[in-house]
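According to my numbering, the sequence shown is numbered sequentially starting from 9. All C-beta atoms in this analysis are idealised placements derived from N, C-alpha and C, irrespective of residue type, glycine included. Since the structure comes first, as structure tokens, the remarks are kept for the end.
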Amino acid sequence: MKNLISVFIFVLTALSTLFCQERLEFIDAVNQAKLEYKFHGNGNSTGAALEGTIKNPGKEIIQVEVNQQKPLFLENSGAGQNLVLFQLFYSNGKYLRDDFTTYLEFKPDTIYTIVGNSLCYNFEKPNPEPNENLVVKPLPDTIKAYDFILKIREAIIKKKTTMKQAQCALWYVQGTGLDKINTKFEIELNELEKIRELIED
Numbered sequence: 009m010k011n012l013i014s015v016f017i018f019v020l021t022a023l024s025t026l027f028c029q030e031r032l033e034f035i036d037a038v039n040q041a042k043l044e045y046k047f048h049g050n051g052n053s054t055g056a057a058l059e060g061t062i063k064n065p066g067k068e069i070i071q072v073e074v075n076q077q078k079p080l081f082l083e084n085s086g087a088g089q090n091l092v093l094f095q096l097f098y099s100n101g102k103y104l105r106d107d108f109t110t111y112l113e114f115k116p117d118t119i120y121t122i123v124g125n126s127l128c129y130n131f132e133k134p135n136p137e138p139n140e141n142l143v144v145k146p147l148p149d150t151i152k153a154y155d156f157i158l159k160i161r162e163a164i165i166k167k168k169t170t171m172k173q174a175q176c177a178l179w180y181v182q183g184t185g186l187d188k189i190n191t192k193f194e195i196e197l198n199e200l201e202k203i204r205e206l207i208e209d
């Protein structure tokens, strides 16, 4: 009987290991050298403004969360805008899902093309271009509008706002007037109320 119980426990443990793949935050996977990336701009400032590739150089499957637990700061190598990254997707906009979360899976020695759901951090700079590399860093807690960026994360992930509305709200909190923002993004009257709700919430 004891032997039977031992075998049963062993089987359960093996199944748990097989089916319960550890999910990492993207930046942790990079810092642990489990994933390699090359990110660049694509001429946009908001939404799918980040493109690039991710490679798994190891021998095990790596899974990372779609929704960044804490938004990431993407430092531009050129003169263009820095970005704030909230979500990562495969290049077709797809992702994987189970009962617990949404995630991306990277098989060994395979290169995947991806897009990132992002906001521009610098209103006054030009949009990041394909020849400008974007370096992933933790979001500095000293940057302007740090608390607001953390606050709008949930609204973005739960689709309670559009990326355009979130972008306008971020620029406004950073000190850019709505009239000036309107020169870059034409703000409709119904959007104005949504932007105010994000700012005042």
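Requested in this report: Identify, in the order they occur along the chain, each residue of the same chain with its Cβ nearer than 6 angstroms to the Cβ of K167, setting aside the five sequence neighbours on each side.
Outcome: As a first step, residue 167 is located in the sequence shown; it is residue number 159 there, counting from the start. Around K167: no qualifying Cβ.
Query raised in the report: For the segment 88 to 135, which segments carrying the beta strand (DSSP E) assignment without a break, of at least 3 residues, lie completely within its bounds, in sequence order?
Result: 91 to 98, 110 to 114 and 118 to 128
Requested in this report: Round the Cβ separation of G66 and K42 to the nearest angstrom and send it over; I've been treating them as touching at under 8 angstroms.
Outcome: Along the sequence shown, read from residue 1 onward, the residue named residue 66 stands at position 58. Along the sequence shown, read from residue 1 onward, the residue named residue 42 stands at position 34. Confirmed, about 6 angstroms.
Requested in this report: Return the CA-CA distance between G185 and D106, expressed in angstroms with no decimal places.
Outcome: Here residue 185 is taken as the residue at index 177 of the sequence shown, counted from 1. Here residue 106 is taken as the residue at index 98 of the sequence shown, counted from 1. Straight-line Cα distance between these residues: approximately 42 angstroms.
Requested in this report: May I ask you to verify whether the segment 190 to 205 touches the segment 149 to 158, counting CB pairs closer than 8 angstroms and requiring at least 3?
Outcome: no
Query raised in the report: Are the Cβ atoms of N64 and E44 separated by less than 9 angstroms?
Result: The residue you call residue 64 lines up with position 56 of the sequence shown. The residue you call residue 44 lines up with position 36 of the sequence shown. Going by C-beta atoms, N64 is nearer than 9 angstroms to E44.
Query raised in the report: With C-beta atoms as the reference, is N84 less than 9 angstroms away from K133?
Result: The residue given as residue 84 occupies position 76 in the sequence shown. The residue given as residue 133 occupies position 125 in the sequence shown. Yes, these two residues count as a Cβ contact at 9 angstroms.
Report task. Please state whether DSSP places F16 in a helix, a strand or coil. Result -> Here residue 16 refers to the residue found at position 8 of the sequence shown. Because the pLDDT of F16 is 43, which lies under 50, any placement of that residue in the model is unreliable, and the number read from its coordinates should be weighed accordingly. In this structure, F16 counts as helix in the three-state DSSP scheme.
Report task. Quick one: give me the first and last residue of the alpha helix (DSSP H) that L200 is part of. Result -> Within the sequence shown, numbered from 1, the residue matching residue 200 stands at position 192. L200 -> alpha helix (DSSP H) spans L197 to E208.
Report task. May I ask which residues mark the beginning and end of the beta strand (DSSP E) holding V38? Result -> In the sequence shown, residue 38 corresponds to position 30, counting from 1. Unbroken run through V38 is the alpha helix (DSSP H), F34 to N39; no beta strand (DSSP E).
Query raised in the report: Start and end of the alpha helix (DSSP H) containing F156?
Result: Sequence index remark: in the sequence shown, residue 156 carries index 148 (1-based). Start and end: Y154 to I165.
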